[in-house]
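Below is one structure, written out as structure tokens, with a few remarks after it.
Number of protein chains: 2
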Amino acid sequence: MQLFNSLSQIINISTELEKALTSFISKKSFKKNEFLLRADEYCNSLYFVEKGSLRGFYFHEEKEITNWFALEGDFGTSFYPFISKTRSYENIQALEDVEVSVLNNTELKKLYSDFPETEKLGRIILEDYYSKLEERLINIQFKSAKERYSNLMENRPQIIQRVPLGHLASYLGITQETLSRIRAGN
Amino acid sequence: MQLFNSLSQIINISTELEKALTSFISKKSFKKNEFLLRADEYCNSLYFVEKGSLRGFYFHEEKEITNWFALEGDFGTSFYPFISKTRSYENIQALEDVEVSVLNNTELKKLYSDFPETEKLGRIILEDYYSKLEERLINIQFKSAKERYSNLMENRPQIIQRVPLGHLASYLGITQETLSRIRAGN
DNA sequence: TTTATTTTTTGATATAGATCAAAAACTTTG
DNA sequence: CAAAGTTTTTGATCTATATCAAAAAATAAA
Chain A
1 MQLFNSLSQI INISTELEKA LTSFISKKSF KKNEFLLRAD EYCNSLYFVE KGSLRGFYFH
61 EEKEITNWFA LEGDFGTSFY PFISKTRSYE NIQALEDVEV SVLNNTELKK LYSDFPETEK
121 LGRIILEDYY SKLEERLINI QFKSAKERYS NLMENRPQII QRVPLGHLAS YLGITQETLS
181 RIRAGN
Chain B
1001 MQLFNSLSQI INISTELEKA LTSFISKKSF KKNEFLLRAD EYCNSLYFVE KGSLRGFYFH
1061 EEKEITNWFA LEGDFGTSFY PFISKTRSYE NIQALEDVEV SVLNNTELKK LYSDFPETEK
1121 LGRIILEDYY SKLEERLINI QFKSAKERYS NLMENRPQII QRVPLGHLAS YLGITQETLS
1181 RIRAGN
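Protein sequence lines, in the order shown, are assigned to chains A and B. Residue 1 is where the first sequence starts when you use my numbering, and the numbers rise one by one after that. Residue 1001 is where the second sequence starts when you use my numbering, and the numbers rise one by one after that.
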């Protein structure tokens, strides 16, 4: 379970904590294009991608807007609803056949209570998610479409290889036509 | 102290809690254009505006970008650094002569410990800040400059009356020239 | 393997906003 | 009150991206 490897880079995992994690965490599989979460449902789960890829997206004026991708080794959830316990505006969808480890927020709370060192996990997830949102805003506001694509090529090339270009374009905040032109070097 | 009025709409304030708050909270005044925080400092304080106005801003490629304004009754801080205890990239500046109530994060932690009901305060601040960041992203990405100005006119007209137009333009993500054209109806 | 559907690319055109410059209006300083 | 400095507005021009349409390429279904 790759999740343990990731966690042990964040916090020290005692034997007791490992037992608790093992009992709390479940494994789930989804087929390509299946939904893990649909908008308007409550988002109670934090997903860790063991294999495959996910995206979070919502509709804006009848267009699909992709907010995030998660590949192997990444956490994914509809973050704000997860924290605030409100209905999600986002959908979460498998882009490929996917295996995820799942932790729900009741169990996460219990982990925080029983193992205070796991609060660091929560804080790191919060900070990571928050800084990604800020980065997204900065990219949309200050970088050209071409720059955004170049940055993604440098930082997360696997996404470009594994994700349909329509989803990629919506994540970058541009149309498919514009993305094609950038890729063609025009 | 208007802060108590605001707080008592969020949580029930016991006598003990009121005493603790009174001893923790300090009052500060700043002159117009004075800085409450400069970039690269640690941001340990949560400000509540009793009178006047504040803005949070940072520099991007030698331009000032305003992130937020706070008027009477609003909280203001450089949020992410406040939570993550890292150096701030933002400055906080008084736009007018200002009086603020100040709570620092050590005291806030103590409040959370001694009065668990105050965790709700922290959660509400977090949610408020987060949803404002998402709203900002949505505005920048999907709304025209004119729509952004119109929304602000409807939702927070006092800002337009009290804030220099240069700061307003940078908050809206447009140039001063464009803001002038919108205001002129061209 | 062929046909149908979907995804991606290319062509042509329109536009919101940036940029640069200068003028006008307002505020600060002496 | 006048001069200097700053803020705001207006004019002219340019450009990145959207939009609409159609063609090409790739994938899915029969």
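We treat Cβ as the ideally placed atom computed from N, Cα and C, and that holds for glycine. No experiment lies behind these values; they were computed from the predicted model shown.
Which residues of chain B have a Cβ atom closer than 8 Å to the Cβ of residue i, listed in chain order?
i         : result
Ile140(A) : Leu1137, Ile1140, Gln1141
DSSP state of residue i, grouped into three classes?
i          : result
Ser1135(B) : Looking at the sequence provided, one finds Glu at residue 1135(B) rather than Ser. In the structure shown, Glu1135(B) sits in a helix (DSSP, three-state: H, G or I).
Glu50(A)   : strand
Ser144(A)  : coil
Ser1014(B) : coil
Lys1032(B) : coil
Gln2(A)    : helix
Gly1122(B) : helix
Thr175(A)  : coil
Gln1158(B) : helix
Gly185(A)  : coil
What does residue i touch in chain A if you count any residue whose Cβ is under 9 Å from its own?
i          : result
Ser1084(B) : Arg123, Leu126, Glu127, Tyr130, Ser131
In chain A, which residues lie with their C-beta within 8 Å of the C-beta of residue i?
i          : result
Gly1173(B) : Gln141
Name the DSSP beta bridge partners of residue i, please?
i          : result
Arg55(A)   : Phe69(A), Gln93(A)
Glu64(A)   : Phe59(A)
Leu1037(B) : Ile1092(B)
Ser45(A)   : Asn104(A)
Lys27(A)   : Ser101(A)
Give the residues of chain A in contact with residue i, contact being defined as C-beta atoms less than 7 Å apart.
i          : result
His1060(B) : Phe142
In chain order, which alpha helix (DSSP H) runs of at least 4 residues are fully inside the segment 71-118 of chain A? 79-84, 105-114
Counting only Cβ-Cβ distances shorter than 8 Å, please list the residues of the segment 112-138 of chain A near chain B, keeping chain order. Arg123, Leu126, Glu127, Tyr130, Ser131, Leu133, Glu134, Arg136, Leu137, Ile138
Residues of the segment 70-84 of chain A with Cβ closer than 9 Å to any Cβ of chain B, in chain order: Phe79, Tyr80, Ile83, Ser84
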